[in-house]
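Chemist: Residue numbers (full-length UniProt numbering), protein chains in the order written: chain A, 1 to 328; chain B, 1 to 347.
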Amino acid sequence: MALVHKFLSSAYIFRKCLKPSVSSCPFLGNRFADYCSSSLQKPVAAPGKTSSQRNTEGDLQGHHQREVALDITSPEEKPEVSFDKAIKDEIKNHCRRLKDDIVNYCIGPEGRPLHEVLLEQAKVVWQFRGKEDLDKWMVTSDKTIGGRSEVFLKMGKNNQSALLYGTLSSEAPKDGESGHSGYCAMISRIPRGPFERKRSYDWSQFNTLYLRVRGDGRPWMVNIRQDTDIIQRKDQMYSYFMFTRGGPYWQEVKIPFSKFFFSNQGRIRDAQYQLLLDKISSVGFTLADKVDGPFFLEIDFIGVFADPAHTEEFAYENSPELNPRLFK
Amino acid sequence: MKPPILTIIMLTVISGTMIVMTTSHWLMVWIGFEMNLLAIIPILMKKYNPRAMEAATKYFLTQATASMLLMMGIIINLLHSGQWTVSKDLNPMASIMMTTALAVKLGLAPFHFWVPEVTQGISLSSGLILLTWQKIAPLSILYQISPTINPNLLLAMAIMSVMIGGWGGLNQTQLRKIMAYSSIAHMGWMTAIMMYSPTMMILNLTIYIIMTLTTFMLLMYNSTTTTLSLSQTWNKTPLITSLILLLMMSLGGLPPLSGFIPKWMIIQELTKNEMIMMPTLLAMTALLNLYFYMRLTYTTALTMFPSNNCMKMKWRFKCTKKMIFLPPLIVMSTMLLPLTPMLSVLD
Chain A
1 MALVHKFLSS AYIFRKCLKP SVSSCPFLGN RFADYCSSSL QKPVAAPGKT SSQRNTEGDL
61 QGHHQREVAL DITSPEEKPE VSFDKAIKDE IKNHCRRLKD DIVNYCIGPE GRPLHEVLLE
121 QAKVVWQFRG KEDLDKWMVT SDKTIGGRSE VFLKMGKNNQ SALLYGTLSS EAPKDGESGH
181 SGYCAMISRI PRGPFERKRS YDWSQFNTLY LRVRGDGRPW MVNIRQDTDI IQRKDQMYSY
241 FMFTRGGPYW QEVKIPFSKF FFSNQGRIRD AQYQLLLDKI SSVGFTLADK VDGPFFLEID
301 FIGVFADPAH TEEFAYENSP ELNPRLFK
Chain B
1 MKPPILTIIM LTVISGTMIV MTTSHWLMVW IGFEMNLLAI IPILMKKYNP RAMEAATKYF
61 LTQATASMLL MMGIIINLLH SGQWTVSKDL NPMASIMMTT ALAVKLGLAP FHFWVPEVTQ
121 GISLSSGLIL LTWQKIAPLS ILYQISPTIN PNLLLAMAIM SVMIGGWGGL NQTQLRKIMA
181 YSSIAHMGWM TAIMMYSPTM MILNLTIYII MTLTTFMLLM YNSTTTTLSL SQTWNKTPLI
241 TSLILLLMMS LGGLPPLSGF IPKWMIIQEL TKNEMIMMPT LLAMTALLNL YFYMRLTYTT
301 ALTMFPSNNC MKMKWRFKCT KKMIFLPPLI VMSTMLLPLT PMLSVLD
């Protein structure tokens, strides 16, 4: 993998600077799209850089700010080009994470004592208090398939929230095969351990998803994906709707996990299955309401909690006529 | 699943294992394993959801790989010996391949990665069959070829299994994964003694099956799959809660319970064969297993975890699940130690 990267870039940019975009490589053409675009398109108002423009907060609904691609570096800073040093740093970083992992394993599950984990009734999983919190998310839109929607993610006012904003366009790409378009999404990155080992969240002692958001009145869809090793299951997810009110007040959305319905490859399936909470991989928000125009969603935090009043296990039932094999 | 279909499938599983145990032809051994594998797949997918399908797929892939390795070993043995008979004279290369294949089937380290994943993805009743009945066929073949197995390979796998079974189960809150790591550790104990006394391996297997059956039946009775839900069983079935206490200590190998018998016998047998480090290591790593069993006991029976006021007093309601074999299994899981002198008939 490192050799391929070296071949593509011919000079490895030091980690603190940005990696060149793979999609710009002529050898690969359009194969790789900028899925992980959030870290490249996040607005950074660094005071030292003359090439960047200051972002103004202003009106959240109508004011589109010019974003600066972060791969343009200031002439004063020359990136240190050293492939071997970068590889060594990467290995040291992973070894340090492995050591932390082993120490956390000795403490208990998730690096905390067992009684803390068992007695926990509420947990904040993601909160947005700094730029490093934005790195745990990625944004994507139909631009990857040739659409015209745009989506950006940045820190909100006083670094107390994250602001997901952009423009939705349902104009279908003119590629001769796409009939529909118009979606923007924000998806959490899969948690990784040392040596990029995939991890998952265990939310089996909670039963409700809790979101503190402030929207513009648009309907969003909350998607949850489970951890899987099988390729076909990567298209499976569990979704539910989140209707934002708009207006200046924060909205607390509680969605029980029993309400999430199952879909595969974007289509809701007749056979519905309960969302199992022991291996959650990622959570995402999707906007695809076919209404062209700007949008925004401000998120304070995302958490989970155990609602003792909610006893429902699964909100949907399967029909023997539609799915006889489930009843064999 | 409809009863006639379930009956046919279960009969196929049973007959597959019986074929493996009773045959003396290597091809029939392989056929028995394949029958067993193909029949267990619908049982693993009894509760039809994407997770169970993933677990069944992982199980099928690993077991098919193991069967392929086993067949390779059988062919190599055929090339060298010219006969298909299951005998104690195996070509060394064939022996290594077969041992590796059977280790994959059993879930011995370093081929253990599928066990927690598959066990976690299936229902409790399927997990019960996976961790008990499915061990019988591979162990019977290991028993038959035990004189020709490479001792270094087997001992290395045994030690790794016991250590990984102990360390892996430490931070688990999912009960099925805990039972999976317990299974890995117990398989380690069985393979450690296999070369010196295969009879002790059978004893260990028998007592392990009884204890695991009992544990799974208790979990099915309470419908619990996590440590937190097990900690609330005092509210549902107070008597079962106290029995879980005894059962966990028996699984951990504490005297005077049944689980102590195999550990005692194995350590005694190993020391008779002038091995000191091996039983010391096994006994010390067994403490790791005991630690997480005691942690389950602590949360379940020794302390009352906080619950909220709206929790109903479920013990007032009679449980409708019929577990007719539970009482004798509980007795056998905890009170067999006084029968240990009868083991002299095995000599």
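Yeah, the Cβ is synthetic: ideal placement off N, Cα and C, and Gly gets one too.
Quick one: what's got a C-beta closer than 8 Å to A:Asp289's C-beta in the same chain, skipping five residues either side?
Modeler: Hits under 8 Å: Leu168, Arg218, Pro219.
Chemist: Anything in the region 154 to 185 of chain B with a Cβ closer than 7 Å to a Cβ of chain A? List those residues in chain order, please.
Modeler: Within the region 154 to 185 of chain B, the residues whose Cβ lies closer than 7 Å to some Cβ of chain A are Asn171, Thr173, Gln174, listed in chain order.
Chemist: Using the C-alpha atoms, what's the distance from B:Met1 back to B:Leu69?
Modeler: Spanning the two alpha carbons is a distance of roughly 33 Å.
Chemist: Note down, in chain order, every chain B residue with its Cβ under 8 Å from the Cβ of A:Gly108.
Modeler: Near A:Gly108 (Cβ distances below 8 Å), the residues of chain B are Asn171.
Chemist: Are B:Leu257 and B:Leu128 touching if we call contact CB-CB under 8 Å?
Modeler: Cβ distance not < 8 Å, so B:Leu257 and B:Leu128 don't count as in contact.
Chemist: Among A:Leu134, A:Glu171, A:Arg112, A:Glu116, whose alpha-carbon lies nearest the alpha-carbon of A:Asp292?
Modeler: Checking every option, the nearest Cα to that of A:Asp292 belongs to A:Glu171.
Chemist: Decide yes or no for the touch test of the region 121 to 138 of chain A against the region 99 to 106 of chain A: beta carbon pairs closer than 8 Å, at least 3 of them.
Modeler: In short, these stretches do not touch, since the Cβ pair count stays below three.
Chemist: So with Cβ pairs under 8 Å, would you call A:Ile280 a contact of chain B?
Modeler: No, because no Cβ of chain B sits closer than 8 Å to the Cβ of A:Ile280.
Chemist: Suppose the cutoff is 6 Å on Cβ atoms and the five residues either side in sequence are ignored; what does the same chain contact list for A:Leu322 look like?
Modeler: These residues qualify, in order along the chain: Asp270.
Chemist: May I ask which residues mark the beginning and end of the beta strand (DSSP E) holding A:Leu211?
Modeler: Where A:Leu211 is concerned, the enclosing beta strand (DSSP E) stretches over 208 to 215.
Chemist: Under the three-state reduction of DSSP, which class applies to A:Asp142: helix, strand or coil?
Modeler: Three-state DSSP puts A:Asp142 in a helix.
Chemist: For the beta strand (DSSP E) containing A:Gln236, list its first residue and its last residue.
Modeler: 236 to 243 is the span of the beta strand (DSSP E), which, as asked, contains A:Gln236.
Chemist: With 16 as the cutoff for other CB atoms within 10 Å, does B:Met201 come out buried or exposed?
Modeler: By the 10 Å Cβ count, B:Met201 comes out buried.
Chemist: Going straight from the alpha carbon of A:Leu134 to that of A:Phe285, what length do you get?
Modeler: The alpha-carbon atoms of A:Leu134 and A:Phe285 are separated by roughly 14 Å.
Chemist: Please list the partners that A:Tyr273 has in chain B, where partner means a Cβ-to-Cβ separation under 7 Å.
Modeler: Result: Asn49, Pro50.
Chemist: Could you confirm whether any beta carbon from chain B is found closer than 8 Å to the beta carbon of A:Thr208?
Modeler: Taking Cβ atoms only, chain B never reaches closer than 8 Å to A:Thr208, which makes this a no.
Chemist: Using 8 Å as the limit for Cβ to Cβ distance, is B:Arg316 near chain A?
Modeler: Cβ-Cβ to chain A under 8 Å: no for B:Arg316.
Chemist: How would you label A:Tyr249, buried or exposed, when you count the other beta carbons within 10 angstroms and need 16 or more for buried?
Modeler: So A:Tyr249 counts as exposed.
Chemist: Under three-state DSSP, which class holds B:Pro306?
Modeler: Of the three classes helix, strand and coil, the one that applies to B:Pro306 here is coil, per DSSP.
Chemist: Within 8 Å of any Cβ in chain A, is that where the Cβ of B:Leu228 sits?
Modeler: Yes, contact with chain A.
Chemist: Which word fits A:Ala309, buried or exposed, when buried means at least 16 other C-beta atoms lie within 10 angstroms of its C-beta?
Modeler: So A:Ala309 counts as exposed.
Chemist: Which stretch, first to last residue, makes up the beta strand (DSSP E) that contains A:Tyr249?
Modeler: Looking at the DSSP string, A:Tyr249 is not in any beta strand (DSSP E), and its letter there is neither H nor E.
Chemist: Mind listing, in chain order, the continuous beta strand (DSSP E) runs of no fewer than 3 residues lying wholly within the region 168 to 209 of chain A?
Modeler: Listed in chain order, the complete beta strand (DSSP E) runs (minimum 3 residues) inside the region 168 to 209 of chain A are 184 to 188.
Chemist: Would A:Arg233 count as contacting chain B if we go by Cβ distances under 8 Å?
Modeler: Closer than 8 Å: yes.
Chemist: Can you pull the chain B neighbours of A:Asp202, defined as C-beta to C-beta under 8 Å?
Modeler: Result: Thr173, Gln174.
Chemist: Helix, strand or coil for B:Ser81, going by three-state DSSP, please let me know.
Modeler: Note: B:Ser81 maps to helix in three-state DSSP.
Chemist: Using the rule of at least 16 other Cβ atoms within 10 Å of the residue's Cβ for burial, across every protein chain shown, is A:Phe243 buried or exposed?
Modeler: Exposed, because fewer than 16 other Cβ atoms sit within 10 Å of the Cβ of A:Phe243.
Chemist: Put B:Ser197 into one of helix, strand or coil per three-state DSSP.
Modeler: If DSSP states are grouped into helix, strand and coil, B:Ser197 belongs with coil.
Chemist: Starting from A:Pro294, follow the beta strand (DSSP E) in both directions and report where the run begins and ends.
Modeler: Taken as a continuous stretch (DSSP letters only), the beta strand (DSSP E) holding A:Pro294 covers 293 to 305.
Chemist: Note down the Cα distance separating A:Gln272 from B:Met53, rounded to an integer number of angstroms.
Modeler: Cα-Cα distance, rounded: 14 Å.
Chemist: Going by C-alpha to C-alpha distance, which of A:Pro256, A:Arg325, A:Phe128, A:Cys95 sits closest to A:Ser204?
Modeler: It is A:Pro256 whose Cα lies nearest to the Cα of A:Ser204.
Chemist: Taking the beta carbon of B:Phe317 as the centre, do at least 16 other beta carbons fall within 10 Å, making it buried, or is it exposed?
Modeler: Label assigned to B:Phe317: exposed.
Chemist: Under the DSSP definition of a beta bridge, which residues are partnered with A:Trp126?
Modeler: For A:Trp126, which the question treats as bridged, DSSP gives the partners A:Ile302.
Chemist: Would you mind telling me which residues of chain B sit closer than 7 Å to A:Ile230, beta carbon to beta carbon, in chain order?
Modeler: By Cβ distance, chain B contributes Glu54, Thr57.
Chemist: Could you give the distance in angstroms between the alpha-carbon of B:Phe111 and the alpha-carbon of B:Thr191?
Modeler: Approximately 14 Å, taken between the alpha carbons.
Chemist: Taking Cβ-Cβ distances shorter than 9 Å, what residues in chain A pair up with B:Pro255?
Modeler: Ordered by position in chain A, no residue passes the 9 Å Cβ test against B:Pro255, which lies about 26 Å from the chain.
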